[in-house]
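Residue numbers (our numbering), protein chains in the order written: chain A, 79 to 556; chain B, 19 to 120.
Cβ coordinates follow ideal geometry from the N, Cα and C atoms, glycine included.
Written out below as structure tokens is the structure these notes cover.
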Amino acid sequence: MIARDFMLFLPELTYLVAALILFFMCLPQKADHKAIYAVALALAGLGVAGALLGMGQEGHLFFDAYQVDLFSQVFKLILAVAVLLVVGICHGLAGVEDRYHADFFLFLFTCGLGMMLMVSAVELMTLYVALELSSFSLYILVPLRRGDNLDVEAGVKYLFIGITASCVMLFGMSYIFGVSHTTYLAGIMDRLPLIIQQPAAMIGLMLTLSGFFFKLAVFPFHFWAPDVYQGAANQVAAFIATASKAAAVALLIRLTALTGGTSLYFIDVLMVLCVASMTLGNLVAIVQKGIKRMLAYSSVAHAGYVLMGILTMSELGYSAAVFYSMAYMLMNFAAFGVVVMVATSGQNLAISDLAGLHKRSPLLALTLMIALFSLAGIPPTVGFTGKFLVFAGAMQQGYFWLVLVGMINATISLYYYLMVIKAAYLSESPAELPPLVVSMPLRLLNYLLIAAMVYFGVCPGGFLDLAQAAVRGMMGGD
Amino acid sequence: MDSLHTYLFVALLLFCIGLFGLLQRRSLIGMLISVELMLNAASINFLAFNRFLGPDPAVGQIMVLFIMGIAAAEAAIALSLILALYRRLRSIDIEKARELRG
């Protein structure tokens, strides 16, 4: 029995031990950052192994406050892969001072741990504590950057917007507790569809969701994203843009499933947020000069696409949202990876700094092109398949105009993605810049990312089946 | 006075005061205090619902204990960041930190 519980908790235990090891590594005054990097990479690899072993496990832990099912395990795998990828591009870590490298990895792992706890939590307090564990780690990661004042300023803004969002969420949770008399999601799910028309229940649910809207950077909780992406080290921005989004999608699916799809008013609110996020994100992204700010606004737009899958409240829509969050993790990471590898001293890049990239490093230019095509939704990439599934889910529910707005937005987004590709392929750099040296492991990583983006675009079947099974289990089993 | 609505009203008022203070204050310490008010509003709600409606009298109190613990961690992180900002800018006025513009 004990051994079985350990198996259920294996991915989280791996991360917990990893965080402990890294904690002891940040104690010595003089740290060997090469060794720290090697240890962190090995631990992240173990984390993925743990998540893979945890696949297919099912059960409850901690007085039923913690549920291990296929849904949570799929997201844990996505999160573990995201952490491994981010650690993979942390070689040298030019953006962070040498003496903080161990701390950097420590908070990366505690944040990963928090997110893993979050996707399995089925009780309000567990959910809140897990969310805060991941958020607090991010609040510290953002200002760890070397150099200018931007990092602390971004950190303070992120912190204050974040704690406000979590206060609002907690206030909403208190109303949900008030109307349903329980903190267990299973109990809430029995009660909530009956009383969802009551103002207290509706307000409580909306306020609770806003905490996750903040994480996902949905309008009107998006305004931290560009500042934080710009102020944080490139690797941290990559982490926030990938892992933290996937965890937020998981929780939004779990919480919207609580209503049982019975409330039309609730769906209307989600629709407004979805359209506003897509449109605002895409329109503002056009005028951005910095590539990280552009990617930040594009992430607001992509939050809108994910929301379109969630608001259908159907099995197809939810599994499309799961697929989309996997796709978004891959393609956004590929784009950020290129930014990290081009910015060799950890600086911020303007879009014009990419000029002549195809001569300096053809591989990076190719990765960037495929990633941006994927973000824009051009076949045969994973981004196209993800958008197709999300739109198909919305069509099935008869939301024709919503799909139309989504299509128009996808076309708008093509413009600014193509501008970046134009800078990388057609513009000549004013000064003759030396070719970029990309080390062998990183070359391999780029090939792998390109292969994955095309593979999941052409044959989405395997992962989609997994996502569907996971969603079915989550909707039926809860 | 011994009714659920009184407590809910006080909590809502506290929440609104906190939100207003957060938007109104320019000093980071003031903003932090406002956030604490909002957290306390949520705590009062939990306790009131628990006292008048909850079947198990312990749930709401445990929630509040957790909220207090997390609020302490939050204050520690916030104060350390405010200190870092003060060392760079010699000020804790949020208006001074305006290099990043939405």
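Euclidean distance between Cα positions of residue i and residue j
i, j, result
"ILE486(A)", "PHE478(A)", "13 Å"
"GLN313(A)", "ILE167(A)", "7 Å"
"LEU504(A)", "LEU184(A)", "41 Å"
"ALA470(A)", "TYR115(A)", "43 Å"
"ALA113(A)", "MET103(A)", "10 Å"
"ILE85(B)", "GLN366(A)", "39 Å"
"LEU385(A)", "LEU482(A)", "15 Å"
"HIS23(B)", "ARG223(A)", "48 Å"
"ASP556(A)", "ASP181(A)", "Only weak support exists for where ASP556(A) lies, its pLDDT of 44 falling under 50; the value from the coordinates is given anyway. The alpha-carbon atoms of ASP556(A) and ASP181(A) are separated by roughly 38 Å."
"MET49(B)", "GLY424(A)", "32 Å"
"LEU442(A)", "MET473(A)", "37 Å"
"PHE299(A)", "ARG521(A)", "36 Å"
"GLY123(A)", "LEU219(A)", "21 Å"
"LEU467(A)", "LEU121(A)", "34 Å"
"GLU231(A)", "SER109(B)", "12 Å"
"ALA374(A)", "ALA324(A)", "15 Å"
"VAL516(A)", "VAL418(A)", "11 Å"
"MET552(A)", "LEU157(A)", "18 Å"
CB contact check: residue i to chain A, cutoff 8 Å
i, result
"GLU113(B)", "no"
"ARG108(B)", "no"
"PHE27(B)", "no"
"ILE95(B)", "yes"
"ALA76(B)", "no"
"VAL53(B)", "yes"
"ALA102(B)", "yes"
"LEU31(B)", "no"
"ILE85(B)", "yes"
"ILE35(B)", "no"
"ALA90(B)", "no"
"GLY38(B)", "According to the sequence as given, residue 38(B) is Phe; it is not Gly. No - not a single Cβ of chain A is within 8 Å of the one on PHE38(B)."
CB contact check: residue i to chain B, cutoff 8 Å
i, result
"ASN37(A)", "The displayed coordinates of chain A run from 79 to 556. Any statement about residue 37(A) would go beyond what the structure contains."
"GLU210(A)", "yes"
"ASP556(A)", "At ASP556(A) the pLDDT is 44, less than 50, meaning the model places this residue with poor confidence; the figure from the coordinates comes in the next sentence. Output row for ASP556(A): interface = no."
"PRO513(A)", "no"
"THR334(A)", "no"
"VAL207(A)", "yes"
"PRO277(A)", "no"
"PRO298(A)", "no"
Cβ pair residue i, residue j closer than 8 Å
i, j, result
"ALA296(A)", "ALA381(A)", "The sequence shown places Val at residue 296(A), not Ala. Taking 8 Å as the Cβ cut-off, VAL296(A) and ALA381(A) qualify as a contacting pair."
"GLY132(A)", "LEU88(A)", "yes"
"VAL378(A)", "LEU358(A)", "yes"
"ILE448(A)", "MET531(A)", "yes"
"SER355(A)", "GLN475(A)", "no"
"ALA81(A)", "GLY125(A)", "no"
"LEU191(A)", "ALA199(A)", "no"
"ALA129(A)", "LEU155(A)", "yes"
"VAL82(B)", "PHE70(B)", "no"
"SER215(A)", "CYS245(A)", "no"
"VAL28(B)", "ILE241(A)", "no"
"GLN135(A)", "GLN151(A)", "yes"
"ALA316(A)", "PHE411(A)", "yes"
"LEU283(A)", "GLY256(A)", "no"
"MET196(A)", "LEU329(A)", "yes"
"THR463(A)", "ALA405(A)", "yes"
"ALA321(A)", "VAL161(A)", "yes"
"SER403(A)", "SER491(A)", "no"
"ILE345(A)", "LEU389(A)", "yes"
"GLU201(A)", "TYR253(A)", "no"
"LEU186(A)", "VAL164(A)", "yes"
"ALA413(A)", "LEU450(A)", "yes"
"LEU31(B)", "ASN58(B)", "no"
Anticipated Cβ contact below 8 Å, residue i with residue j, distance rounded
i, j, result
"ALA66(B)", "TYR25(B)", "4 Å"
"GLN308(A)", "ARG371(A)", "6 Å"
"ALA102(B)", "PRO221(A)", "6 Å"
"THR337(A)", "LEU248(A)", "About 20 Å separates the two Cβ atoms, so there is no contact after all."
Limits of the alpha helix (DSSP H) - the one that residue i falls within
i, result
"TYR93(A)", "88-103"
"HIS138(A)", "Where HIS138(A) is concerned, there is no enclosing alpha helix (DSSP H), although the beta strand (DSSP E) it sits in stretches over 137-139."
"THR463(A)", "460-474"
"ASP305(A)", "302-309"
"CYS189(A)", "179-198"
"THR260(A)", "Neither: THR260(A) is in no alpha helix (DSSP H) and is coded neither H nor E."
"TYR503(A)", "478-503"
"HIS79(B)", "Residue identity check: residue 79(B) is Gln in the sequence provided, not His. Start and end: 77-107."
"GLY382(A)", "369-389"
"SER452(A)", "440-454"
Any non-hydrogen atom of the ligand GDP closer than 7 Å to residue i Cβ
i, result
"ASP346(A)", "Among the ligands in the structure shown, none appear at all, so the ligand GDP cannot be discussed."
Limits of the unbroken beta strand (DSSP E) element including residue i
i, result
"GLN145(A)", "144-146"
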